[in-house]
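Quick notes on the structure that follows.
Protein chains: 2
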Amino acid sequence: MNMKRTTTMHDVAKLACVSQATVSHVINNSAPVSEEVRSRVLDAIKTLGYVPNFLAKGLKGSSTNTIALLVPEINNPYYSAIVKRLEEILRKENKLLFLACTSGDSQRELQYIKEFISYNIQGAIITYSLSNSHVLQLLQDYGIPCVVLDDIPGKSEVPVIEISNEYGGYLATKHLIQSGCRHIAVVSEPLVKLPLAKRICGYSKALAEAGITYSKILLADAPQDAFEIGYRKADQLIDGEVDGVFATSDYLAYGVLRRFLECGVKIPEDIGLIGYDDVAMTQVSRPALSTIAQPIQEMSELGTRMLLNQIKGKEAEKHYLLQPELRIRDTTAQDT
Amino acid sequence: MNMKRTTTMHDVAKLACVSQATVSHVINNSAPVSEEVRSRVLDAIKTLGYVPNFLAKGLKGSSTNTIALLVPEINNPYYSAIVKRLEEILRKENKLLFLACTSGDSQRELQYIKEFISYNIQGAIITYSLSNSHVLQLLQDYGIPCVVLDDIPGKSEVPVIEISNEYGGYLATKHLIQSGCRHIAVVSEPLVKLPLAKRICGYSKALAEAGITYSKILLADAPQDAFEIGYRKADQLIDGEVDGVFATSDYLAYGVLRRFLECGVKIPEDIGLIGYDDVAMTQVSRPALSTIAQPIQEMSELGTRMLLNQIKGKEAEKHYLLQPELRIRDTTAQDT
DNA sequence: ATTTTTTACCAAAACCTTTTTAAAAACGAA
DNA sequence: TTCGTTTTTAAAAAGGTTTTGGTAAAAAAT
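Protein chains in written order, with my numbering: chain G, -3 to 332; chain R, -3 to 332.
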């Protein structure tokens, strides 16, 4: 229990026989300093193992080197894939990550973001949910850079990497139609996550285009684990009528799939099934899940680049539109 | 661009016509204050939407309300499940989470933990990897509470929730033996994650106990995506001799499984396969993966409770030993 | 040689809180 | 009135940085 006192800039200054200000300037390159003094300071830093106190730095300066990440559910492979990539990139930029899991709950989002602001975060990366608007407003009020991934509400001014969810829903449904399905149902988590609503729009559009009038939309009432939702709703899909199912996320689709397999439903002969996201396990599961692939890598990279540009004060593109892609695997028939 | 100035304690004090000290006492319950004044202060806080500046608080006080989470890989469902549970619990305690993904790289761990310390974190939760010892030492030097999940090196004094990895490896191997396998190989990521080494000890022990001399241990040379490792090493397992495979993680097992299926290997008839972790997808894949289940919930809950106790200065149990469980599914034959 | 500019450095203020100190005010009780 | 107790206050220090304004010396210009 020796409880080391942290060595301060003052200690470094004393050892190097310079003023605190000079130490600060050496560290931050914020003023010219002679080679001789600089190396004396650097030596002292090394000798003492000095690490700047970020709290003090953040208190005095305008921000810390922290970035807030808001996701609904870290356990969902789609989001954990995003977080993984973001961490890789931001680590190289020497940023530290605050992680918040919100379940898409607006109260929780707001609470989290307020606390983050009080920590003087440098920026925020947010995956969209309906409640964002307050959060975005708050961030804007404080002038904190921010990027929204995956989608965006209405006419906001916030930079966004949008993935066309409507097109994705359209793609999925059209594929089911082309593979012979005529009674296609959609099953989804609650629409608090707006992208889901857009996916369902795409679904409707594809049906309309094909002149199909049958439509069945199953929504979970309360937010809960997506896998659970799929598993529970599946029974309502085995009604002898439905011959195609569009699940608005892979994780949910797997719940449906599991129940289907338990009930002896033949996939894709009896019912075709397509998911959304293309999470890693779609590659390994049998039957492999047909799905709509989100450009996670690209989105993460563009997103961080946009955020970093904002932080550095550079002007940059405010809006990117990325397209999802159809991945046909084993849970739907090949297009005929 | 209206760049709101953050409202300070001083503003609150002015509005409530009291001193700053009183505001502080109201907020922290650090001194008695009359009902009348208290409510005046609370009103002012609400009116101004005041949020304490955690940086200043952390700088002055001994710590912030942040907890650092160190995991090797957030994308691995095992770790994301842990993080999910930890977040749920710690949110209720009003803690904020720093997330660090380390890939088990000791340099990176050390770098991260130094920065976290400079942020005056209140505690840390760490999933074990070989390099921890420096990290643990550092935390101890600064008197920062800490809990290690899953395992622990040597004779450390740090509180730990240990899951008997040796027993898990033993269980897995014994099950393979009982289901008829005689040439059992083990395939694993590099042993920088020590628990893996222990699992392999268990494997050897089970072989010895059954009097089996055949043994084949395949280790990845470099750390990389576990799925990849499994996929690549699989070919070395299809040698006409091996009839059982113990993969030291599910994610890796899935890589093996995928390659096996591609090559037309019959599971479990030709080769039995068992994984480790019991991540969510084991339930949905076909064939469903036999595996060793980690008590993730229990571990997370015990772990946070231990950490919180330390933070509050309470004495508490320093060591728990949890047992993994065998889950027999479709990639191994039922015990005969 | 004198003035101006530049360079290299320093001392002190500021950031926002908590905590401490000394003192003032309010109040009931003796 | 006087004493003791409780509540509140003002003021200041501490925590470790960044930043501002300034000074002294060196270099350049006159």
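Glycine residues also receive a C-beta, built at the ideal position from the N, C-alpha and C atoms.
What is the DSSP secondary structure of E83 (chain G), reduced to helix, strand or coil?
helix
For I109 (chain R), return the contacting residues in chain G, with the cut-off set at a CB-CB distance below 9 Å.
Near I109 (chain R) there are no residues of chain G at all, since even the closest Cβ is about 10 Å away, more than 9 Å.
What are the uninterrupted segments assigned as alpha helix (DSSP H) that are 4 or more residues long and contained completely in the region 225 to 297 of chain G, given in chain order?
246 to 258
Roughly how many angstroms lie between the CA atoms of T340 (chain G) and K314 (chain G), to the nearest whole one?
Lying before the first or after the last residue shown, residue 340 (chain G) is absent from chain G, which here runs from -3 to 332.
According to DSSP, what are the bridge partners of L192 (chain G)?
Answer is none; L192 (chain G) lacks a bridge partner.
What does DSSP give as the partner residues of Y316 (chain G) in its beta bridges?
G:I157
In chain order, which beta strand (DSSP E) runs of at least 3 residues are fully inside the region 47 to 96 of chain G?
62 to 67
Kindly list, in the order they appear in chain G, the residues whose Cβ is closer than 7 Å to that of Q279 (chain R).
R254
What are the start and end residues of the beta strand (DSSP E) that includes R323 (chain G)?
321 to 323
Report the residues of the region 77 to 90 of chain G with a CB closer than 7 Å to any CB of chain R, ordered along the chain.
A77, V79, K80, E83
Within the continuous alpha helix (DSSP H) that includes K42 (chain R), where are the two ends?
31 to 44
Closer than 8 Å to chain G by CB, L233 (chain R):
no
Distance check for A276 (chain R) and H171 (chain R), CA to CA, integer angstroms please.
21 Å
For the region 17 to 32 of chain G, enumerate the residues whose C-beta is nearer than 9 Å to any C-beta of chain R, in chain order.
none
When the Cα of V33 (chain R) is compared with those of R:S15, R:T43, R:G45, R:F50, which residue comes out closest?
R:S15
So is C177 (chain G) buried or exposed if we call it buried at 16+ other beta carbons inside 10 Å?
buried
Between the Cα of S286 (chain R) and those of R:Q293, R:I292, R:T278, spot the shortest distance and give me the residue it belongs to.
R:T278
Bridge partners - D146 (chain R), DSSP secondary structure assignment:
R:E158
By the three-class DSSP mapping on this structure, what secondary structure does V14 (chain G) have?
coil
Does the CB of F223 (chain G) have a neighbour CB from chain R at under 8 Å?
yes
Taking buried to mean at least 16 other C-beta atoms within 10 Å of its own C-beta, is C142 (chain R) buried or exposed?
buried
Below-8 Å beta-carbon distance, A312 (chain G) vs any chain R residue
no
Closer than 8 Å, Cβ to any Cβ of chain R: which residues of the region 110 to 142 of chain G, in chain order?
K110, E111, F112, I113, S114, Y115, N116, D137, Y138, G139
For the pair the region 157 to 175 of chain G and the region 286 to 296 of chain G, tell me if three or more CB-CB distances fall below 8 Å.
yes
Thinking C-alpha only, which one of R:S59, R:I63, R:H6, R:V154 is nearest I41 (chain R)?
R:H6
Rounded C-alpha distance that separates G139 (chain R) from A120 (chain R):
11 Å
Quick one: list the residues of chain R neighbouring N305 (chain G), beta-carbon separation under 7 Å, in chain order.
Ordered by position in chain R, no residue passes the 7 Å Cβ test against N305 (chain G), which lies about 17 Å from the chain.
Rounded to whole angstroms, what's the CA-CA distance from L145 (chain R) to G198 (chain G)? Just pull it up for me.
44 Å
Once DSSP output is grouped into helix, strand and coil, what is the label at T169 (chain G)?
helix
Do you know how far the Cα of L95 (chain G) is from the Cα of A17 (chain R)?
33 Å
For the alpha helix (DSSP H) that contains K110 (chain G), what are its first and last residues?
102 to 114
The beta strand (DSSP E) that contains L187 (chain R), what's its start and end?
Looking at the DSSP string, L187 (chain R) is not in any beta strand (DSSP E), and its letter there is neither H nor E.
Can you find the residues in the same chain that come closer than 6 Å, C-beta to C-beta, to H179 (chain R), ignoring five residues on each side of it along the sequence?
Y210, E237, V238, D239
Terminal residues of the continuous beta strand (DSSP E) containing T3 (chain G)?
Segment: none, T3 (chain G) is in no beta strand (DSSP E) and carries neither H nor E.
Y46 (chain R) versus V19 (chain R): straight-line alpha-carbon distance, rounded
11 Å
Please state whether the Cβ-Cβ distance between L253 (chain R) and L233 (chain R) is less than 8 Å.
no
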